[in-house]
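Trainee: For what it's worth, the working numbering labels the leading residue of the sequence shown as 74, then goes sequentially. Where a beta carbon is used, it is the ideal one built from N, C-alpha and C, also for glycine. None of the values given here were measured: they were computed from a predicted structure. This is the structure, below, for whatever I ask next.
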Amino acid sequence: MFSGVKNILGLGSTAPNIVYGKTDKDLGVERFVEDDFWKLRIRTVAANTLPSMHNVLMKTGRWEFFDFNWKHLKDIEPHIFWDSDIAKFLEAVCYALKYTEKDEQIYQTYVDWIDQIVRMAKKAQQPDGYLNSYFTQMDPKARFTNIMEKHELYCCGHLIEAAVAHHEATGSMELVDIMCKYVDLLYLTFGPGEGQLHGYPGHEEIELALVKLLRIVPKKEYFDLLNYFVEERGQNNTEFYNDELRRRNIDPDVYNPLADYDHMDSDYTHMLPAPKSYWYSQSEKPIRELEEVRGHSVRLVYYLTGVQGLAMLKKDDSLKKAVRRLFDNMIDKKFYIHGGIGAIDRWEGFGEDYDLRWDGYSETCASIGLVFLCERMLSDKLDKKVALAMERALYNDVLGGVSVTGKSYYYNQPVCGCGLTRQSWFVCACCPPNVARLFSSLEKYAVSVSDDSIAAHLYIGVSLKSDDLDFKLVSKYPNEGKIELKIDSKKPITISIREPNTAFRTSNSKYKLSNGYLTFGPRIWTSETITIEFDIPVEIVKPDPNVTANSGHLAVQRGPYAYALQKSGVSGDVSLDDIKISVNQKFEVSAEEYENAKYVSLTTTADGRTLNFVPYFITGNEHPGEDFRLWIKDGSK
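Next comes the structure, spelled out in structure tokens:
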């Protein structure tokens, strides 16, 4: 079927004129989170989240299914995305190793889990390189017949990311080699050649994964596959998906995409308004022609992360402009105050501009994907707006996606209570391992590192060490506005840090201010410290007049946090809908702690009642399902 395709470029060649980026290993750098707040969250993931997650993977049959040893369980049928649950779990465990001491009992448990999954992946791989536990066991004749809906390439992408994490954590190439064999098959299967599939995945993910793989295995074929998936998407009026349906004897003019997709419950079926709603997967037009973010929000941010990575690889300004245009539309017109994206639960995605309904979906994974996208954009160009979007998503919708105990999760996160409670797991369990892998690799997002520069995007305490460099960011943020940069280097280094939102004081006035970043150097640093201090005021946020849902209401924020008023935070028996605050409301700031999470609460009085506001991520922990609001009625006179 694919005769002659393999020799077009010559397998194993390195793509010319492509800069793939460097790993920390390439740079000789070790980096860690050294932050009072975030280290507790990371340790909670290590001690509670990952063991409980492993238990659920075992109980639900996912582990045995990936091991090709599945036993039928009542009411639990294998799903097309189970491989991705295993993959993200593996990725999280690999990253958690660096935050676990080797003499801890859990460390060896992690190693055992990692080794088991690698062994299972090797066992599951077919002779031609194919690796998907669902299709190999449940429907082997359906391989690559429903790329639009069946998540084969999505699962592959997550397995690639897990392989990269495995290599970074252990130095082993075993899982990377397994996944390269699969990608070799994909390179032969998808492309413009005769006999190939001229298509692209329905759920984007593999694109950003290939960018990561190319840093370790810089093969031209992998670059070409990445480039093909991005550049082909949306071409020819999405005829690939129409042809795919016809090959299965389905009329695309009447078929409702994903209508038969068993996702979480029956309410999820018939989710799209019409046949050929290819905007759902961002494939209605080529990337450079898209004007606004539409469709499934997780797919969108994963897609843009991959596109931004490709744009940086081939230095394509037109792709970067497309990403930026869509990013601006998302942040300016479709971004919730708590960092959530995606207002429409029917398709887990975006509505019209300024549609920020209070019961909006705001899936945890979507905000995690936004963090991924912001990191890619910031690694290319420093920009305060991008960094602030990443911070707002991380400290609210992402952080709130998991309980402070690390054992229960939100899938979607509206800006009012809606009676939701965090769950121990989901049938579609994308969010729990996604949170775990992000927290366990947070140092990659807090700072960007190159041969001659460091850029701090988040005020998170981190350390960087190499033969030529010893760098520490010491932070009391977000409870206090004080940061110290401690630098010792043997070669000239440029240090950049995001400018505070309020007036600041710094011990070193020799900086340049550009794109909202303070830049010091380049120069050699000799055991020097730069101190930056700033106020973190309580702010009353007035609604955007374009957002009708928030009309007549005010919100409260401090630093990165959007603040919520819970029912238990109000003295007396009164509905939250009857509470009013004013634009001049004064608050008392108090240090608090719940379980192992430290935060600042805000207390005020209104109409003779005491109101206690807490950061959004605290909601629903002490009293699961408790009603809360982020937007409070405006009682200003």
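One question on the structure: do HIS240 and ILE289 come within less than 9 Å of each other, judged by their Cβ atoms?
Mentor: In the sequence shown, counting from the first residue as 1, residue 240 sits at position 167. In the sequence shown, counting from the first residue as 1, residue 289 sits at position 216. Yes, these two residues count as a Cβ contact at 9 Å.
Trainee: Taking the beta carbon of ALA194 as the centre, do at least 16 other beta carbons fall within 10 Å, making it buried, or is it exposed?
Mentor: Taking the first residue of the sequence shown as 1, we reach residue 194 at position 121. Result: buried.
Trainee: Exposed or buried, what is ASN90 when buried is set at 16 or more other beta-carbons lying within 10 Å of its beta-carbon?
Mentor: Working through the sequence shown from its first residue, we reach residue 90 at position 17. Low confidence applies here, because ASN90 scores a pLDDT of 48, under 50, leaving its location unreliable; read the following figure in that light. That one is exposed.
Trainee: Closest to TRP155 by CA distance: which of VAL303, CYS167, ASP140 and ALA169 is it?
Mentor: Taking the sequence shown and counting its residues from 1, the one referred to as residue 155 is at position 82. With distances taken between Cα atoms, TRP155 lies closest to ASP140.
Trainee: So is LEU558 buried or exposed if we call it buried at 16+ other beta carbons inside 10 Å?
Mentor: By one-based count along the sequence shown, residue 558 stands at place 485. Buried: at least 16 other Cβ atoms inside 10 Å.
Trainee: Please report the straight-line C-alpha distance between LEU586 and ASP188, rounded to a whole angstrom.
Mentor: The residue labelled residue 586 in the question sits at position 513 within the sequence shown. The residue labelled residue 188 in the question sits at position 115 within the sequence shown. Rounded to the nearest angstrom, the two C-alpha atoms are 48 Å apart.
Trainee: I need the DSSP call for PRO595, collapsed to helix, strand or coil.
Mentor: On the sequence shown, residue 595 is found 522 positions in, with the first residue counted as 1. The answer is strand: DSSP assigns PRO595 an E or B state.
Trainee: Considering only their Cβ atoms, is the gap separating ILE652 from LEU675 smaller than 9 Å?
Mentor: For the purposes of this step, residue 675 is taken as the residue at position 602 of the sequence shown. For the purposes of this step, residue 652 is taken as the residue at position 579 of the sequence shown. No, the Cβ-Cβ distance between LEU675 and ILE652 is not below 9 Å.
Trainee: Pop quiz: LYS615 and VAL673 are said to be a contact at Cβ under 8 Å. What is the actual Cβ separation, rounded to whole angstroms?
Mentor: Reading the sequence shown from its first residue, position 542 is the one you call residue 615. Reading the sequence shown from its first residue, position 600 is the one you call residue 673. Wrong, their Cβ atoms sit about 22 Å apart, outside the cutoff.
Trainee: Which runs of the alpha helix (DSSP H), 4 residues or longer, sit entirely within the segment 85–170?
Mentor: Complete alpha helix (DSSP H) runs here, min 4: 97–100, 109–117, 123–132, 135–139 and 155–169.
Trainee: Let me know the secondary structure DSSP gives PRO506 once reduced to three states.
Mentor: Stepping through the sequence shown from its first residue, residue 506 is reached at position 433. In this structure, PRO506 counts as helix in the three-state DSSP scheme.
Trainee: Quick one: measure Cβ to Cβ for LEU259 and THR378, integer angstroms, because I've assumed they're closer than 8 Å.
Mentor: As a first step, residue 259 is located in the sequence shown; it is residue number 186 there, counting from the start. As a first step, residue 378 is located in the sequence shown; it is residue number 305 there, counting from the start. With a Cβ gap of about 19 Å, LEU259 and THR378 do not count as contacting.
Trainee: What do you get for PHE690, buried or exposed, if any count of 16 or more other CB atoms within 10 angstroms of its CB means buried?
Mentor: The count along the sequence shown starts at 1 and reaches residue 690 at position 617. Buried, because 16 or more other Cβ atoms sit within 10 Å of the Cβ of PHE690.
Trainee: Distance check for PHE686 and ASP525, CA to CA, integer angstroms please.
Mentor: Residue mapping note: residue 525 aligns to position 452 of the sequence shown, counting from 1. Residue mapping note: residue 686 aligns to position 613 of the sequence shown, counting from 1. Each residue's alpha carbon lies about 43 Å from the other.
Trainee: Measure the CB-CB distance between ALA242 and TYR168 and report whether it falls below 9 Å.
Mentor: Against the sequence shown, residue 242 aligns to sequence position 169. Against the sequence shown, residue 168 aligns to sequence position 95. It is a contact, given that the beta carbons lie within the stated cut-off.
Trainee: Verify whether the separation of the beta carbon atoms of LEU546 and VAL522 is less than 9 Å.
Mentor: Position 473 of the sequence shown, counted from the first residue, corresponds to residue 546. Position 449 of the sequence shown, counted from the first residue, corresponds to residue 522. For LEU546 and VAL522, no; Cβs fall outside 9 Å.
Trainee: Quick check on the DSSP output: the alpha helix (DSSP H) that includes TRP498 runs from which residue to which?
Mentor: Reading the sequence shown from its first residue, position 425 is the one you call residue 498. TRP498 -> no alpha helix (DSSP H), and no H or E assigned at all.
Trainee: Return the Cβ separation of VAL118 and ALA509 in integer angstroms, given the expectation that the two are a contact with Cβ distance under 8 Å.
Mentor: Your numbering for residue 118 matches position 45 in the sequence shown. Your numbering for residue 509 matches position 436 in the sequence shown. About 5 Å; that satisfies the 8 Å criterion.
Trainee: Is the segment 347–364 touching the segment 386–399 in the sense that three or more CB pairs, one from each, lie closer than 8 Å?
Mentor: Contact holds: three or more Cβ-Cβ distances are below 8 Å.
Trainee: Roughly how many angstroms lie between the CA atoms of ASP646 and THR678, to the nearest whole one?
Mentor: As a working note, residue 646 is residue 573 in the sequence shown. As a working note, residue 678 is residue 605 in the sequence shown. The straight-line gap from Cα to Cα measures roughly 15 Å.
Trainee: With the cut-off set at 9 Å, would you say ILE441 and CYS501 are in Cβ contact?
Mentor: For the purposes of this step, residue 441 is taken as residue 368 along the sequence shown, with counting starting at 1. For the purposes of this step, residue 501 is taken as residue 428 along the sequence shown, with counting starting at 1. Against a cut-off of 9 Å, the Cβ pair of CYS501 and ILE441 comes out as no contact.
Trainee: Is the number of C-beta pairs between the segment 633–641 and the segment 591–602 that are closer than 8 Å three or more?
Mentor: With the cut-off at 8 Å, the segment 633–641 and the segment 591–602 do not touch.
Trainee: Along the chain, where does the beta strand (DSSP E) containing GLN658 start, and where does it finish?
Mentor: One-based indexing of the sequence shown puts residue 658 at position 585. Unbroken run through GLN658: none, as it is neither H nor E.
Trainee: Three Cβ pairs or more, each shorter than 8 Å: is that satisfied between the segment 428–438 and the segment 401–413?
Mentor: The segment 428–438, when compared against the segment 401–413, does touch it at the 8 Å Cβ threshold.
Trainee: Taking the alpha carbon of TRP186 as the reference point, which residue from ASN128, THR209 and LEU226 has its own alpha carbon closest?
Mentor: Position 113 of the sequence shown holds residue 186. Considering only alpha carbons, the answer is ASN128.
Trainee: Please check the pair LYS564 and ASP543, which I expect to be a contact at CB under 8 Å, by giving their CB distance rounded to whole angstroms.
Mentor: Your numbering for residue 564 matches position 491 in the sequence shown. Your numbering for residue 543 matches position 470 in the sequence shown. Their Cβ separation, rounded to whole angstroms, is 12 Å, which puts LYS564 and ASP543 out of contact at 8 Å.
Trainee: Give me the DSSP bridge partner(s) of PHE400.
Mentor: What you label residue 400 is simply residue 327 of the sequence shown in a count that begins at 1. Looking at the DSSP assignment, PHE400 forms no beta bridge with any residue, so it has no partner.
Trainee: Quick check on THR692: does DSSP put it in helix, strand or coil?
Mentor: Within the sequence shown, residue 692 is the residue found at index 619, counting from 1. THR692: coil per DSSP, three-state reduction.
Trainee: Would you mind sorting ALA215 into buried or exposed? The rule is 16 or more other CB atoms within 10 Å of its CB.
Mentor: Locating residue 215 in the sequence shown gives position 142, counting from the first residue. Exposed.
Trainee: Under 7 Å Cβ to Cβ from GLY77, same chain only, skipping five residues before and after it: list those, please.
Mentor: By 1-based counting over the sequence shown, the position of residue 77 is 4. At GLY77 the pLDDT is 28, less than 50, meaning the model places this residue with poor confidence; the figure from the coordinates comes in the next sentence. There are no such residues.
Trainee: If HIS276 and ARG372 are in contact, beta carbons under 8 Å, what's the gap, nearest whole angstrom?
Mentor: The residue labelled residue 276 in the question sits at position 203 within the sequence shown. The residue labelled residue 372 in the question sits at position 299 within the sequence shown. So it is a contact: roughly 6 Å between Cβ atoms.
Trainee: With DSSP as the reference, identify every bridge partner of ASN485, one or two as the case may be.
Mentor: Residue 485 sits at position 412 when you count from the first residue of the sequence shown. DSSP output for ASN485 lists GLU436 as bridge partner(s).
Trainee: Identify the continuous beta strand (DSSP E) that holds TYR634 and give its terminal residues.
Mentor: Position 561 of the sequence shown holds residue 634. TYR634 -> beta strand (DSSP E) spans 634–643.
Trainee: Note the first and the last residue of the continuous beta strand (DSSP E) segment covering ARG578.
Mentor: Position 505 of the sequence shown, counting from 1, holds the residue named residue 578. Segment 577–579, the beta strand (DSSP E) holding ARG578.
Trainee: Helix, strand or coil for LEU711? Go by DSSP, reduced to three states.
Mentor: Any question about residue 711 goes unanswered here, given that the chain covers just 74 to 710.
Trainee: Should HIS696 go down as buried or exposed, given a rule of 16 or more other Cβ atoms within 10 Å for buried?
Mentor: Taking the first residue of the sequence shown as position 1, residue 696 is located at position 623. Classification of HIS696: exposed, given that the 10 Å Cβ count is below 16.
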